[in-house]
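K.L.:
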Amino acid sequence: MSTIIIDGLSFALPLFIMAIGGIYCERSGITNLAIEGLQGFGAFCGALFAYCIAGNFAGNSPIPFYLAMVFAFLGGMLFSLIHALLCIRFKANQVISGVVINILAMALTEFLVKQINASIFGAASNKIILGVSQRITIPVLSDIPVLGAIFTNLYPFELVIVVIAFAAWFVLYKTRFGLHLRACGDNPHAVDAAGIKVGRVRLIAVMASGAFSGLGGICFAYSISANFSSNIYSGYGYLAIAALIFGNWKIMPTLGACLLFGLARSAGYELVKVLGMPSSYQDLVMILPYALTLLMLIFFSKKNHAPKALGEIYDKGAR
191 MSTIIIDGLS FALPLFIMAI GGIYCERSGI TNLAIEGLQG FGAFCGALFA YCIAGNFAGN
251 SPIPFYLAMV FAFLGGMLFS LIHALLCIRF KANQVISGVV INILAMALTE FLVKQINASI
311 FGAASNKIIL GVSQRITIPV LSDIPVLGAI FTNLYPFELV IVVIAFAAWF VLYKTRFGLH
371 LRACGDNPHA VDAAGIKVGR VRLIAVMASG AFSGLGGICF AYSISANFSS NIYSGYGYLA
431 IAALIFGNWK IMPTLGACLL FGLARSAGYE LVKVLGMPSS YQDLVMILPY ALTLLMLIFF
491 SKKNHAPKAL GEIYDKGAR
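Numbers 191 to 509, taken from my numbering, label the letters of the sequence shown in order.
1) So, residue 319 versus residue 417, is the Cβ gap smaller than 7 Å?
2) Kindly say whether residue 376, judged by its beta-carbon, lies nearer than 7 Å to any beta-carbon of chain D.
3) Quick one: residues in its chain with C-beta nearer than 8 Å to the C-beta of residue 453, no 5 flanking neighbours on either side, listed in chain order?
4) Just the Cα atoms here: how many angstroms apart are residue 313 and residue 299?
5) Around the Cβ of residue 419, are there at least 16 other Cβ atoms within 10 angstroms (buried) or fewer (exposed)?
6) Using 8 Å for Cβ pairs, my map puts residue 233 next to residue 431. What's the rounded Cβ distance?
7) In the segment 262 to 340, which residue ranges form an unbroken alpha helix (DSSP H) of at least 4 residues, counting only runs that do not cross its ends?
8) Among all the DSSP beta bridges, which residues are the ones paired with residue 418?
9) Using DSSP bridges, identify the partner residues of residue 344.
10) Around the Cβ of residue 466, are there at least 16 other Cβ atoms within 10 angstroms (buried) or fewer (exposed)?
11) Three-state secondary structure (DSSP) at residue 247?
12) Where do the ends of the alpha helix (DSSP H) carrying residue 466 lie?
13) Among 433, 268, 388, whose alpha-carbon lies nearest the alpha-carbon of residue 205?
14) Report buried or exposed for residue 250, applying the criterion of at least 16 other Cβ atoms within 10 angstroms of its Cβ.
15) Report the rounded CA-to-CA distance for residue 397 versus residue 266, giving the unit in angstroms.
16) Nearest to residue 457 by CA position, among 505, 478, 336, is which residue?
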């Protein structure tokens, strides 16, 4: 049981921070199907920077890891400006913009990794090797029966994500900016009438989505993948979108959906080990979160209420 909780959290929390980014974007009125691409490009930026500076630190130094998180955060934020430019400035179709950004990120990062490895590092590889992040255990709290697993063998990024997620919740629900952002997704004309620039609020929301997605991407690269490659585009962005929809575009219910996906995935892996099944069946286990998504879609889709202005192109003169 402890293993299921430990592994489930390490998958659910990066997924959760990506979903929070999606909530910010979509609560502002901008449909965001680009989370997959944003997390991939952000992870690429963080992984490349960490690889370049790794030789300046001892092998067990955590500094490259934390700097990788910072640059993944910034990389995802900058790449999201493409989505913001298309959807806010040029009023392009938001769904098409998101799909194009996903394809662009996958092709661009694959090309860049191969070219950088060949021309700079002299290696014919399509990967940036990172290794797996070290884990930590919190004394005393880890000794609690069952729940102690939450504080055992944690990746450091899990603590970072919890802090950022709380800050994101506070900003969205307890600040004036959060009120303006949520209003932009329900009634942007009322926001504009109050003297608030809808485009600026939405721009910040899209950039937050990119930043959080990039952070989630580098966390997956340092845990599940141990490297950056095209494998980072494994559908996690779409799973984050599913989680925020099931969470009804609210942060705490979305956390519940992410935990459910994470625990289903880790429980499946553990079941394969317990039953002594061939390792090839572990690949089959990877479909569990997506199968669970389909089941939840059947039972909960009718109860979901998206922001009223989600996906609508805002036209100031069309009041």
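Each residue gets a CB set at the ideal place from its N, CA and C atoms; glycine is no exception.
P.N.:
On the basis of the coordinates in this document:
1) For the pair residue 319 and residue 417, the CB atoms are nearer than the 7 Å cut-off.
2) Of the protein chains in the structure, only one exists, and it is not chain D.
3) If the five residues before and after residue 453 are omitted, its C-beta is found closer than 8 Å to the C-beta atoms of 194, 195, 198, 202, all from its own chain and listed in chain order.
4) Rounded to the nearest angstrom, the two C-alpha atoms are 16 Å apart.
5) Taking a 10 Å sphere around the C-beta of residue 419, we find 16 or more other C-beta atoms and assign the residue as buried.
6) Contact between residue 233 and residue 431 is absent: CB atoms are separated by about 17 Å, not below the 8 Å threshold.
7) Whole alpha helix (DSSP H) segments, 4+ residues: 284 to 309.
8) Paired residues: 318.
9) Note: residue 344 sits in a beta bridge opposite 326.
10) Residue 466 should be labelled exposed.
11) If DSSP states are grouped into helix, strand and coil, residue 247 belongs with coil.
12) Looking at the DSSP string, residue 466 is not in any alpha helix (DSSP H), and its letter there is neither H nor E.
13) Taking only the C-alpha atoms, the option nearest residue 205 is 433.
14) Classified as exposed, residue 250 has fewer than 16 neighbouring CB atoms from the shown chains inside 10 Å of its CB.
15) Distance between the alpha carbons of residue 397 and residue 266: 8 Å.
16) The residue with the shortest Cα to Cα distance from residue 457 is 478.
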